Amino acid sequence: MTGPVPLVICGPSGAGKSTLLKQMLDKYRQQFGFSVSHTTRNPRAGEEDGKAYHFVTKEAMESAIGNGEFIEHAVFAGNMYGTSKAAVETVRSKGLICVLDIDVQGVISIKKTDLNPNYLFVKPPSIEELEKRLKARGTETEDSLSRRLEAAKKDMEYGDAPGNFDLVIVNDDLSKAVNTLENFLQTAYPALQS
Ligand code: ADP
Ligand code: 5GP
């Protein structure tokens with residue numbers, strides 16, 4: 070597959086990955102395409118099937134994994150998530166920069182493939198702030214909130230370890246984080262035009 074290398078964005082749930090991505094995808098709509106993952110979790114208000122995710126049952130997901138349809142897959146906070154080959158090919162066949170929003174397990178799996186993406190880690194200023202953001206987002210139950218915070222602590226260690234990512238952004242002030250991301254993308258993809 071030719072064309073620009075993909076972009077992987079990773080970071081604790083609630084760090085602000087979707088918020089940052091939305092701004093970039095809105096501004097550079099002609100050049101980026103989102104890899105639509107599969108998940109067994111329930112849709113949140115406003116999440117469209119086929120856009121945010123392909124929302125599927127555990128049985129359907131297991132069967133697709135068995136058929137070799139996925140590049141990587143993982144269990145996160147009790148639900149299955151995965152990147153299908155088709156999700157990435159759909160974006161790359163249009164010549165677009167394919168953006169994958171995946172967890173640390175997904176990053177570790179992707180590093181074993183020949184996808185060779187740029188790796189970006191987004192982290193919150195602190196775990197306390199992360200908890201506040203997740204609570205304010207209003208999408209989690211008490212159980213899923215605590216699972217996500219547990220995962221966040223581990224993932225921050227992986228994110229902070231030298232060499233795992235090309236860039237680590239602390240999403241404290243949103244407009245500063247957007248600027249840092251945009252500068253990184255303009256260096257990584259010199260052909261970028263808004
Ligand atoms: P993720 O995609 O990483 O799970 P979201 O983009 O959904 O995270 O952000 C989690 C919550 O935090 C959302 O309600 C979002 O509006 C809010 N948020 C994102 N960035 C910031 C920021 N810099 N400061 C304060 N709140 C933020
Ligand atoms: P959420 O449920 O908040 O949308 O996502 C939870 C976590 O799953 C996030 O860390 C997100 O990056 C990750 N995730 C989303 N899609 C995939 C995927 O296809 N593969 C993997 N490994 N993780 C994913």
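When we follow this note's numbering, the leftmost residue of the sequence shown carries the number 70, and every step to the right adds one. Virtual Cβ for every residue (Gly too), placed ideally from N, Cα, C. Just so we're clear, the structure is a prediction, and the values are computed from it rather than from any experiment.
Considering only the alpha carbon of each residue, which of the options lies closest to residue i?
i           : options               : result
residue 163 : 172, 215, 71 and 131  : 71
residue 75  : 193, 101, 167 and 241 : 167
residue 231 : 106, 86, 203 and 190  : 190
Please classify residue i: does DSSP put it in a helix, a strand, or coil?
i           : result
residue 152 : strand
residue 234 : coil
residue 74  : coil
residue 215 : helix
residue 141 : strand
residue 162 : coil
residue 247 : helix
residue 122 : strand
Considering just the uninterrupted stretch of the alpha helix (DSSP H) at residue i, what are its terminal residues?
i           : result
residue 179 : 173 to 179
residue 135 : 127 to 135
residue 104 : First-last for residue 104: undefined, no H or E at that position.
Does residue i pass the burial test, meaning 16 or more other C-beta atoms within 10 Å, or should it be called exposed?
i           : result
residue 91  : exposed
residue 141 : buried
residue 210 : exposed
residue 129 : exposed
residue 243 : exposed
residue 160 : buried
For residue i, report the span of its beta strand (DSSP E) as first-last.
i           : result
residue 187 : 187 to 192
residue 170 : 166 to 170
The region 106 to 115 touching the region 144 to 152, judged by at least three CB pairs closer than 8 Å = yes
Report yes or no: do the region 170 to 187 and the region 77 to 97 share at least 3 C-beta pairs separated by less than 8 Å?
-> A contact exists between the region 170 to 187 and the region 77 to 97.
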